[in-house]
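In the UniProt record's numbering, the protein residues as written are 1 to 105.
Even for Gly, the Cβ is constructed at its ideal location relative to N, Cα and C.
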């Protein structure tokens, strides 16, 4: 939930966790994410380009990805690693839904 309220990509989830999840396999995190997705609290999208009002280039979450695609996307190991290029466009990101924003922190 923390990662979904910040600007980060999927690998950033690990920074918000305690052991053993921090150093464990990504496969251990998938059921946790699926629960949050199934409850309607978070959604998964890809990072897309964005242009600020002043013309500066940036990035933002794109539209939510279809739930039918998530099992495959979340099982791909490369989606759980920061890209070597440092480029975030196309990477998976988590965002809060309206229901997720209502959960007290």
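Residue i (DSSP reduced to helix, strand or coil)
| i | result |
| --- | --- |
| residue 105 | coil |
| residue 61 | strand |
| residue 25 | coil |
| residue 49 | strand |
Limits of the beta strand (DSSP E) - the one that residue i falls within
| i | result |
| --- | --- |
| residue 36 | Looking at the DSSP string, residue 36 is not in any beta strand (DSSP E); the run it does join, the alpha helix (DSSP H), is 30-38. |
| residue 96 | 92-96 |
| residue 85 | That residue, residue 85, is in no beta strand (DSSP E); it is neither H nor E in DSSP. |
Best match in the options for proximity to residue i [C-alpha to C-alpha]
| i | options | result |
| --- | --- | --- |
| residue 49 | 60, 76, 84 and 103 | 60 |
| residue 25 | 75, 101 and 47 | 75 |
| residue 103 | 20, 11 and 36 | 36 |
| residue 42 | 69, 71, 64 and 11 | 64 |
| residue 10 | 57, 66, 78 and 99 | 78 |
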